[in-house]
Amino acid sequence: MTEHNGTRIAALTLHDVISETQRSASHGDGFYSITVTEFEAILSRLKRLGYRTASSREFIAWQQGKQDLPKRTVVLTFDDGYKNHLERVAPLLVRYRFGGTFFVTLDLIGRPGYVTWEDLKKMVFLGMEIGSHGVSHRPLSQLSRDEMEREIVESKKVLEEKLGVPITAIAAPGGFWNRPIAEAVEKAGYEAAWVSTIGTNGPQTHPLALRRIVVRRPFSIERVVSMVEGWQPAFWWAVGQQQLIWLLKKMLGVYWYEQLKRRIVPNA
Ligand SMILES: [Zn+2]
Numbered sequence: 007m008t009e010h011n012g013t014r015i016a017a018l019t020l021h022d023v024i025s026e027t028q029r030s031a032s033h034g035d036g037f038y039s040i041t042v043t044e045f046e047a048i049l050s051r052l053k054r055l056g057y058r059t060a061s062s063r064e065f066i067a068w069q070q071g072k073q074d075l076p077k078r079t080v081v082l083t084f085d086d087g088y089k090n091h092l093e094r095v096a097p098l099l100v101r102y103r104f105g106g107t108f109f110v111t112l113d114l115i116g117r118p119g120y121v122t123w124e125d126l127k128k129m130v131f132l133g134m135e136i137g138s139h140g141v142s143h144r145p146l147s148q149l150s151r152d153e154m155e156r157e158i159v160e161s162k163k164v165l166e167e168k169l170g171v172p173i174t175a176i177a178a179p180g181g182f183w184n185r186p187i188a189e190a191v192e193k194a195g196y197e198a199a200w201v202s203t204i205g206t207n208g209p210q211t212h213p214l215a216l217r218r219i220v221v222r223r224p225f226s227i228e229r230v231v232s233m234v235e236g237w238q239p240a241f242w243w244a245v246g247q248q249q250l251i252w253l254l255k256k257m258l259g260v261y262w263y264e265q266l267k268r269r270i271v272p273n274a
């Protein structure tokens, strides 16, 4: 067994990484897009602080005591499978000698603005980890049990067949998560599920409810780095924001919440 020494590991969630001038052309959610300059600022700051990255698989191996990770380790996750993840994100990660875990939605593969199967194969070749983000990107909590299970099982199976690598991690579309979903995920053979609860992860954190810190607007490099470093006040701010979002989702329902976001964020 390795010693965990009270280490807690942060995971960041990123979405579309757009160019300075580009407005997200995809189903792109303006709340969650950051520019490539902002993204590189995160990487260069983490590098200077001495961080290394771990994939979801390495993180689980660490939790299980099979692998050591230095105190300054961060998990970089990317949701939705945007085309930019191959074009901008993966090359930057390689340049910084970092790695990432990319959660892709089956139905979006090959659509305009999203990665193709060839793109995904290139990402695997570059050493990136691919995970499931469901089949249709519908919130799993809103589906019938059969449909929910199908999204979880089918996405893993098809990704594994097409890419020839084991798919051991899943991220819940929209962050919607509950016990039946976790049970179905476990039954399907996943080792890790990454959710939208803000926080860091220790050796005891449930591997099917791993916390992540979403990088979103208003963007602040200081806030992102503070949270990776585990600085509490930055979490209080983020949890407050998160609670507001969940409250709005609950009040308005998912559909109207999405409509609201589109009104608040131009071109989203
Ligand atoms: Zn998503």
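Residue numbers (our numbering): 7 to 274. We put the beta carbon where it would ideally sit given N, CA and C, even for glycine. Only a predicted model underlies this, so the values are computations on that prediction, with no experimental measurement involved.
Cut-off 7 Å between Cβ atoms - residues of its own chain near residue i, not counting five sequence neighbours on either side
i, result
"N90", "D22, V23 and I24"
Residue i versus residue j - alpha carbon distance
i, j, result
"N207", "R117", "34 Å"
"D86", "A199", "15 Å"
"Q247", "G259", "17 Å"
"V245", "I219", "10 Å"
"L18", "T79", "11 Å"
"V100", "A47", "15 Å"
"E160", "E166", "10 Å"
"R144", "E153", "10 Å"
"L132", "A96", "8 Å"
"I251", "W262", "12 Å"
Sequence-distant residues of the same chain with beta carbon closer than 6 Å to residue i, five excluded per side
i, result
"R223", "F37"
Check: residue i C-beta below 7 Å from any heavy atom of ligand 1
i, result
"H143", "yes"
"D113", "no"
"P179", "yes"
"D86", "yes"
"W139", "The identity of residue 139 in the sequence shown is His, whereas the question assumes Trp. At least one heavy atom of ligand 1 is nearer than 7 Å to the Cβ of H139, so yes."
Beta-carbon proximity of residue i to residue j, cut-off 8 Å
i, j, result
"L52", "V234", "yes"
"F109", "M134", "no"
"P186", "R217", "no"
"L20", "V221", "yes"
"E64", "Q73", "yes"
"L126", "L82", "no"
"I158", "A194", "yes"
Own chain, CB closer than 8 Å to residue i, minus 5 neighbours either side, in chain order
i, result
"S232", "P239 and A240"
"R14", "T206, N207, G208 and G236"
"R156", "V141"
Host beta strand (DSSP E) of residue i (start-end)
i, result
"L82", "T79 to D85"
Endpoints, alpha helix (DSSP H) assigned at residue i
i, result
"A67", "S62 to Q69"
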